[in-house]
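**Student:**
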Amino acid sequence: MREVLQRSGLLESMSGCFEDTGHPDYVEFSIAELISQRLIGLIQGYEDLHDHDCLRVDPTLALAVGRADILGHDRRKPVDYGKPLAGKRTLNRLELSSEPARKSARYRTIAVSVPQLENLLVDMFIREHEQPPTELRLDLDTTDFALHGQQEVRHFNAYYDHHCYTPLYIMCGDYPLLSRRRSSRVAPSTDVVQHLRNLPSYPVLSSAEPMRARVSA
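With our numbering applied, the sequence shown covers 863 to 1079.
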């Protein structure tokens, strides 16, 4: 998984969308390490941040994340000795990223560039093509993402018969161009036209002319 993430350029590109404004003397994990730990955890099926309070002692995961100290012997605090990876509280700083980071907020020290992050999938799609394609065939679809807690904007969807999100996906072949979380209260076609209008406005997409978009739903 580590090799796939490195070869795809996802870690490097995604890390460039964030900036840690915390004091260097108190930062033990780089943005790339936090993102890598979170992504590999998700790939393995560990969706909850609470899982990482157990995973943080795993030297194999620490090796995959890219930590030099895979046994956790060089941690700053004695209570963290033997724990080479970040716990849920540290990873939560990444989850609470704001734009820009609030300097007055003690724990919200990671800033994220939302436009840059939204352009990331399109940027990776462009880099996979040495020659700009003359035609793009876009597929739009939505599905259910089941919820089992009191998540924000949760709603019971009668069609899927459970509480869920109904995210919108825009694909071009096997490449995702957009993934947007939405409440299941909205219709499948909600905001689709607006998202399609935004795609050509991305600098990385407009630089790949000539392109024509044929939409198939």
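Glycine included, every Cβ here is placed at the ideal spot set by N, Cα and C. What you are looking at is a predicted structure, and each value in this text was computed from that prediction instead of being measured.
For Thr1028 versus Thr971, is the C-beta distance shorter than 8 Å?
**Tutor:** Indexing the sequence shown from 1 puts residue 1028 at position 166. Indexing the sequence shown from 1 puts residue 971 at position 109. Not in contact: Thr1028 and Thr971 (Cβ atoms no closer than 8 Å).
**Student:** Taking 6 Å as the limit between beta carbons, can you name the residues of its chain near His1017, skipping five residues before and five after?
**Tutor:** Reading the sequence shown from its first residue, position 155 is the one you call residue 1017. Correct list, in chain order: Ser1045, Ser1046, Arg1047.
**Student:** Which runs of the alpha helix (DSSP H) at least 4 residues long sit entirely within the segment 954–1038? Give them in chain order.
**Tutor:** DSSP runs (the alpha helix (DSSP H)) wholly in the segment 954–1038: 976–980, 982–989.
**Student:** Report buried or exposed for Cys916, applying the criterion of at least 16 other Cβ atoms within 10 angstroms of its Cβ.
**Tutor:** The sequence position of residue 916 within the sequence shown is 54, counting from 1. Exposed, by the Cβ-count rule.
**Student:** Just grab the DSSP bridge partners of Glu881 for me.
**Tutor:** As a working note, residue 881 is residue 19 in the sequence shown. Beta-bridge pairing links Glu881 to Ala973.
**Student:** The alpha helix (DSSP H) that contains Asp887, what's its start and end?
**Tutor:** Indexing the sequence shown from 1 puts residue 887 at position 25. Asp887 -> no alpha helix (DSSP H), and no H or E assigned at all.
**Student:** Between Leu1002, Asp1001, Phe987, which has its C-alpha nearest Pro995's C-alpha?
**Tutor:** On the sequence shown, position 133 is the one that residue 995 refers to. If we check each option's Cα against that of Pro995, Phe987 comes out closest.
**Student:** For Ser870, collect the residues of the same chain with a Cβ closer than 8 Å to its Cβ; drop the 5 residues on either side in sequence, then sort them by chain order.
**Tutor:** On the sequence shown, residue 870 is found 8 positions in, with the first residue counted as 1. Taken in chain order, the residues that qualify are Met986.
**Student:** Just to confirm before moving on: does the CB-CB distance between Ala973 and Phe891 stay below 8 Å?
**Tutor:** Counting from one through the sequence shown, the residue named residue 973 turns up at place 111. Counting from one through the sequence shown, the residue named residue 891 turns up at place 29. No, these two residues do not count as a Cβ contact at 8 Å.
**Student:** Between Lys939 and Ile893, what straight-line distance do the alpha-carbon atoms span, to the nearest angstrom?
**Tutor:** Counted from its first residue, the sequence shown places residue 939 at position 77. Counted from its first residue, the sequence shown places residue 893 at position 31. About 20 Å.
**Student:** Using CA atoms only, rank isn't needed, just tell me which of Ser1041, Glu1014, Ile897 is closest to Thr1004.
**Tutor:** Along the sequence shown, read from residue 1 onward, the residue named residue 1004 stands at position 142. Comparing Cα positions, the closest option is Ser1041.
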